[in-house]
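Novice:
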Amino acid sequence: MDGILIVDKPAGLTSHDVVARVRHLAGTRKVGHAGTLDPPATGVLVLALGKATRLLEYLSGHDKQYLATITLGSVTTTYDAEGEIVTTLVGPLPNRATVERALASFRGQIAQVPPIYSAIKQGGEALYAKARRGETVSAPPLREVTIYELDLLRYEPPTLDIRVRCSKGTYVRSLAHDLGRALGTGAFLAALRREASGPFTLAQAYPLPVLAQAAADGRLGDLLLPPGAGLEAYPAVPVTREELAVLHHGQAIDGPRAAPGTIGRALLEGALVAIIVYDGSAARWRPRKVLA
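When we follow the working numbering, the leftmost residue of the sequence shown carries the number 59, and every step to the right adds one.
#1: Mind checking which residues open and close the beta strand (DSSP E) that includes Glu-253?
#2: Are Leu-107 and Met-59 close, meaning C-beta to C-beta below 7 Å?
#3: Going by the CB atoms, is the gap between Ala-341 and Ala-332 shorter than 7 Å?
#4: Per DSSP, what are the beta-bridge partners of Phe-258 in this structure?
#5: Which residues bound the beta strand (DSSP E) around Pro-345?
#6: Leaving out five residues before and five after Arg-81 in sequence, what residues of the same chain have Cβ atoms less than 6 Å from its Cβ?
#7: Checking 7 Å against the spacing of the C-beta atoms, do Gly-101 and Arg-231 come in under that value?
#8: Can you find the residues in the same chain that come closer than 6 Å, C-beta to C-beta, to Val-222, ignoring five residues on each side of it along the sequence?
#9: Looking at the unbroken beta strand (DSSP E) that takes in His-74, where does it start and where does it end?
#10: May I have the straight-line CA-CA distance separating Ser-339 from Leu-326, to the nearest angstrom?
#11: Quick one: give me the first and last residue of the alpha helix (DSSP H) that Val-331 is part of.
#12: Given this structure, state the Cα-to-Cα distance separating Ala-263 from Lys-109, to the nearest angstrom.
#13: Out of Leu-349, Glu-290, Glu-140 and Ala-162, which one is the CA nearest neighbour of Pro-98?
#14: Around the C-beta of Ser-163, are 16 or more other C-beta atoms found within 10 angstroms, so that it is buried, or is it exposed?
#15: Under a Cβ-count criterion, where at least 16 other Cβ atoms within 10 Å of its own Cβ denotes burial, should Ala-92 be classed as buried or exposed?
#16: Can you tell me where the beta strand (DSSP E) holding Tyr-124 begins and where it ends?
#17: Determine whether the beta carbon atoms of Leu-161 and Pro-216 lie at a separation below 7 Å.
#18: Tell me which residues share the same chain as Ile-311 and place their Cβ nearer than 6 Å to its Cβ, disregarding the 5 neighbours each side in the sequence.
#19: Report the CB separation of Val-144 from Thr-134 in whole angstroms; it is logged as a contact under 8 Å.
#20: Does the beta-carbon distance from His-307 to Val-348 come in below 7 Å?
#21: Between Ala-341 and the ligand SAH, is there a pair consisting of the residue's CB and a ligand heavy atom that are separated by less than 6 Å?
#22: Spatial neighbours of Gln-167 within its chain, please: C-beta separation below 7 Å, excluding the five flanking residues on both sides.
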């Protein structure tokens, strides 16, 4: 069973929990995910099964889109509703125009500090594990992220709903925290739903009960997208069976010219058979991952 499976992750499960359940349903350990969702978050989680797991590194870099609910007036240890409240505002909350102006300052490329309670590793261990043990944890380094779109959908103090489209590695929890700081009110992320990861959307996502029923009916494979799904941004390089055999032996093939280091999709009769990279010095395509 090889392909891409889009899951609508429920609240309360880690991304690894979802992987474990799909491994059980599919009867294989070759299942992985692209792009972690925190346990309280819901929505699009991209899984790869079988040979498609070798493509996860190319699926993880997609832009993401989220629907988020933020609560103004308090700060929590985790920047979301799971943490303890450490500060509470005493005073009036801002009006909608003030919130709109603050949100506008976060559009574009920004520097963001990820939450201490995160899966970022320090000394080989996730920060959240150290923080939950009460260990002193240094703040993760600043990272550059891009907020492509940030829209205020609803504001009923103290809560607001936003839709954000952002680059890989953006923490919406940090965005909520930083918004609260910009407004002088404090804020935390009350709810988060991932609506899209690259080209994959909620319209393609299956809840776990649907997957369980499909597996019981022997139809789980029917819900998979092809292994090459989501990689359409990489240029297509048609290959023959003879050229595929050459790639299997680790050797380069001829093909259309490209910028050095360009990642391409080797397609045999329209199906993805390999990930290839253009060697500018040799003007040839070299194999990186051969699937077929």
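Where is the CB? At the ideal position from N, CA and C, for every residue including glycine.
Specialist: Quick look at the numbers:
#1: Here the question's residue 253 lines up with position 195 in the sequence shown. First-last of the beta strand (DSSP E) with Glu-253: 245 to 255.
#2: The residue you call residue 107 lines up with position 49 of the sequence shown. The residue you call residue 59 lines up with position 1 of the sequence shown. Contact: yes.
#3: Position 274 of the sequence shown, counted from the first residue, corresponds to residue 332. Position 283 of the sequence shown, counted from the first residue, corresponds to residue 341. No. Outside cutoff.
#4: The residue given as residue 258 occupies position 200 in the sequence shown. Ser-255.
#5: Counting from 1 along the sequence shown, the entry for residue 345 is found at position 287. Per DSSP, the continuous beta strand (DSSP E) segment holding Pro-345 begins and ends at 342 to 348.
#6: Start at 1 with the first residue of the sequence shown, and residue 81 comes out as number 23. Result list for Arg-81: Arg-87 and Val-89, in chain order.
#7: Locating residue 101 in the sequence shown gives position 43, where the first residue counts as 1. Locating residue 231 in the sequence shown gives position 173, where the first residue counts as 1. Not a contact, by the Cβ cut-off of 7 Å.
#8: Locating residue 222 in the sequence shown gives position 164, counting from the first residue. Contacts found: Tyr-124 and Leu-208.
#9: Residue 74 sits at position 16 when you count from the first residue of the sequence shown. Note, His-74: premise wrong, no beta strand (DSSP E); alpha helix (DSSP H) at 73 to 84.
#10: What you label residue 339 is simply residue 281 of the sequence shown in a count that begins at 1. What you label residue 326 is simply residue 268 of the sequence shown in a count that begins at 1. Going by the C-alpha atoms only, they are around 25 Å apart.
#11: Locating residue 331 in the sequence shown gives position 273, counting from the first residue. No alpha helix (DSSP H) contains Val-331, which is instead part of the beta strand (DSSP E) from 329 to 337.
#12: Translated into the one-based positions of the sequence shown, residue 263 becomes position 205. Translated into the one-based positions of the sequence shown, residue 109 becomes position 51. Each residue's alpha carbon lies about 20 Å from the other.
#13: Along the sequence shown, read from residue 1 onward, the residue named residue 98 stands at position 40. Ranking Leu-349, Glu-290, Glu-140 and Ala-162 by Cα distance to Pro-98 puts Glu-140 first.
#14: Position 105 of the sequence shown, counted from the first residue, corresponds to residue 163. Exposed is the call here.
#15: Counting from 1 along the sequence shown, the entry for residue 92 is found at position 34. Ala-92 sits buried, since 16 or more C-beta atoms from the chains shown fall within 10 Å of its C-beta.
#16: In the sequence shown, residue 124 corresponds to position 66, counting from 1. Note, Tyr-124: beta strand (DSSP E), 122 to 130.
#17: For this step, residue 161 is matched to residue 103 along the sequence shown. For this step, residue 216 is matched to residue 158 along the sequence shown. No Cβ-Cβ contact shorter than 7 Å links Leu-161 with Pro-216.
#18: One-based indexing of the sequence shown puts residue 311 at position 253. A distance below 6 Å between beta-carbons, with the five flanking residues on each side excluded, links Ile-311 to the following residues of its chain, in chain order: Glu-301, Val-304 and Trp-343.
#19: The residue labelled residue 144 in the question sits at position 86 within the sequence shown. The residue labelled residue 134 in the question sits at position 76 within the sequence shown. Contact between Val-144 and Thr-134 holds: CB atoms are separated by about 7 Å, below the 8 Å threshold.
#20: On the sequence shown, residue 307 is found 249 positions in, with the first residue counted as 1. On the sequence shown, residue 348 is found 290 positions in, with the first residue counted as 1. Contact flag unset, no.
#21: The ligand content of the structure shown is nil, which means the ligand SAH is not present either.
#22: In the sequence shown, counting from the first residue as 1, residue 167 sits at position 109. Cβ within range, chain order: Glu-202 and Thr-204.
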